[in-house]
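**Q**
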Amino acid sequence: MSQYQSLDAEVLRTFVAIAEQGGFTRAGEVVNRTQSAVSMQMKRLEEDILQRQLFERDGRQVRLTAEGQVLLGYARRILKLHGEVFNTLRMPHMVGVVRIGTPDDYAMRYLPGILTRFAQAYPLIHVEVHCDSSKQLMLRQDLDLTIVTREPGNEVGQLLRQERLVWAAAKGFCPQEQRPMPLALFNTDCFCRAWTCNALERHGIEYRIAYTSPSLAAIFAIVQAGLAVTAQLHSLVGGDLRILGEDDGLPQLHMANVMLLRNDQQHSPITDCMADYIVEGFK
Numbered sequence: 115m116s117q118y119q120s121l122d123a124e125v126l127r128t129f130v131a132i133a134e135q136g137g138f139t140r141a142g143e144v145v146n147r148t149q150s151a152v153s154m155q156m157k158r159l160e161e162d163i164l165q166r167q168l169f170e171r172d173g174r175q176v177r178l179t180a181e182g183q184v185l186l187g188y189a190r191r192i193l194k195l196h197g198e199v200f201n202t203l204r205m206p207h208m209v210g211v212v213r214i215g216t217p218d219d220y221a222m223r224y225l226p227g228i229l230t231r232f233a234q235a236y237p238l239i240h241v242e243v244h245c246d247s248s249k250q251l252m253l254r255q256d257l258d259l260t261i262v263t264r265e266p267g268n269e270v271g272q273l274l275r276q277e278r279l280v281w282a283a284a285k286g287f288c289p290q291e292q293r294p295m296p297l298a299l300f301n302t303d304c305f306c307r308a309w310t311c312n313a314l315e316r317h318g319i320e321y322r323i324a325y326t327s328p329s330l331a332a333i334f335a336i337v338q339a340g341l342a343v344t345a346q347l348h349s350l351v352g353g354d355l356r357i358l359g360e361d362d363g364l365p366q367l368h369m370a371n372v373m374l375l376r377n378d379q380q381h382s383p384i385t386d387c388m389a390d391y392i393v394e395g396f397k
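First residue of the sequence shown: 115, per our numbering; consecutive thereafter.
#1: Check this for me: beta carbons of T263 and N371, under 9 Å apart or not?
#2: Check each candidate in E160, E360, L341 and H317 and name the one with the smallest Cα separation from T326.
#3: Taking all protein chains shown into account, do 16 or more other C-beta atoms lie within 10 angstroms of the C-beta of T302, making it buried, or fewer, making it exposed?
#4: Is the distance from the Cβ of L274 to the Cβ of L350 below 9 Å?
#5: Pick helix, strand or coil for E320, following the three-state DSSP scheme.
#6: Quick check: G215 and L257, are their CB atoms within less than 9 Å of each other?
#7: Between which two residues does the beta strand (DSSP E) containing L273 stretch?
#8: For E173 and T139, I'd like the C-alpha separation in whole angstroms.
#9: Would you call the CB atoms of E265 and F305 closer than 9 Å?
#10: What do you reckon, are the CB atoms on V280 and I357 nearer than 9 Å?
#11: Just to confirm the assignment, what range does the beta strand (DSSP E) spanning I239 have?
#12: Does the beta-carbon of R213 have 16 or more other beta-carbons within 10 angstroms, so that it is buried, or is it exposed?
#13: Between I192, E170, R316 and F169, which lies nearest to S120 when the distance is taken from Cα to Cα?
#14: Between G286, Y321 and K249, which lies nearest to P217 when the distance is taken from Cα to Cα?
#15: Would you report the Cα separation of S116 and F334, rounded to the nearest angstrom?
#16: Measuring CA to CA, which of G142, Q272 and I163 is closest to I392?
#17: Hey, how far is the Cα of Q380 from the Cα of T260?
#18: Would you mind working out which of G197, R177 and G395 sits nearest A123, comparing C-alpha positions?
#19: In whole angstroms, what is the alpha-carbon distance linking Q165 and M369?
#20: Between the alpha carbons of D219 and M154, how many angstroms are there, rounded?
#21: Can you pull the DSSP bridge partners for G210?
#22: Could you tell me whether the segment 177 to 185 touches the segment 222 to 233, using the rule of 3 or more Cβ pairs below 8 Å?
#23: Can you give the beta carbon distance from T344 to L297, rounded, assuming they're within the 8 Å contact cut?
#24: Tell me, please, which residues DSSP counts as bridged to N172.
#25: In this structure, how does DSSP classify R190 when only helix, strand and coil are distinguished?
#26: Measuring alpha carbon to alpha carbon, tell me which residue in I323, G353, L253 and A282 is nearest P294.
#27: Spatial neighbours of L253 within its chain, please: C-beta separation below 6 Å, excluding the five flanking residues on both sides.
#28: In whole angstroms, give me the CA-to-CA distance for L330 and F300.
#29: Let me know if V270 comes out buried or exposed under the rule of 16 or more other beta-carbons within 10 Å of its beta-carbon.
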């Protein structure tokens, strides 16, 4: 008989929840257990199974010890494999390809988290990601799911998110001092480019489109260098840039709707499942 006790997946799941939530009570809410049940699980894990102190307690807050940090890495790997086994053997039909179309900006901001969670749950599904402008993506018939930007009142599909476009520039950049104001924007197929230029023209602000690119990373690199102003969705603007507004002499911009389109001709359990992950990831 083995000298080691087994590590139950539910106990490890509770342990990971405590590490991520920073306390037993909040972890209990995540794993649907009472605070006392969580405490009993961790007492058994520390004293009976591993015989190591895993937590440093400071009132209601807990921090992992060095041994706890080691266990956290193993626990996440074990739970990932545990999930893969069940998903592979219980849902063998969840094997195939799903094709997603998205503008480059959403691919950078939202897809990493969405695809990470999806891969953990369905490791045998191959995901194709096609990046293009919303206008071009809406013309394609070969995609299973498509994420696009639309103006309010002109929506199609399922609403994922609604937020305002904002002006952004490097922290030392003063738009009032530069006329015509240099802009870094997406190429001509982008809806937001037309909204941006129209807003400036309505307010009589001289501008020139100094830089264009289909890549959000390239646009942000230009803006961070202090070479131009851009207009992007608020959630895409990082802390290294300054959001500009009316105090900087710039007009308020449109609200934009982020929509999810489904290809009814290529409907499958795989696309339904990926759609659920996309909806959740944009909340």
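Each residue gets a CB set at the ideal place from its N, CA and C atoms; glycine is no exception.
**A** Reading from the atomic positions:
#1: A Cβ-Cβ contact shorter than 9 Å links T263 with N371.
#2: L341
#3: exposed
#4: no
#5: coil
#6: Contact flag set, yes.
#7: Q272 to A284
#8: Per the sequence shown, the amino acid found at residue 173 is Gly instead of Glu. In a straight line, the C-alpha of G173 is about 12 Å away from that of T139.
#9: yes
#10: yes
#11: I239 to C245
#12: Buried is the call here.
#13: I192
#14: K249
#15: With a pLDDT of 44 at S116, under the threshold of 50, the modelled position of that residue is not reliable, and the figure given next carries that caveat. Going by the C-alpha atoms only, they are around 57 Å apart.
#16: Minimum Cα distance to I392 is reached at Q272.
#17: 12 Å
#18: G197
#19: 56 Å
#20: 45 Å
#21: I239
#22: Touching, no, given that fewer than three Cβ pairs across the two stretches are closer than 8 Å.
#23: With 8 Å as the limit, T344 and L297 qualify as a contact, their Cβ atoms being about 7 Å apart.
#24: According to the sequence as given, residue 172 is Asp; it is not Asn. Looking at the DSSP assignment, D172 forms a beta bridge with Q175.
#25: Assigned with DSSP and collapsed to three states, R190 falls in helix.
#26: I323
#27: So the list is empty, once near-sequence residues are dropped.
#28: Rounded to whole angstroms, L330 to F300 spans 8 Å at the Cα level.
#29: exposed
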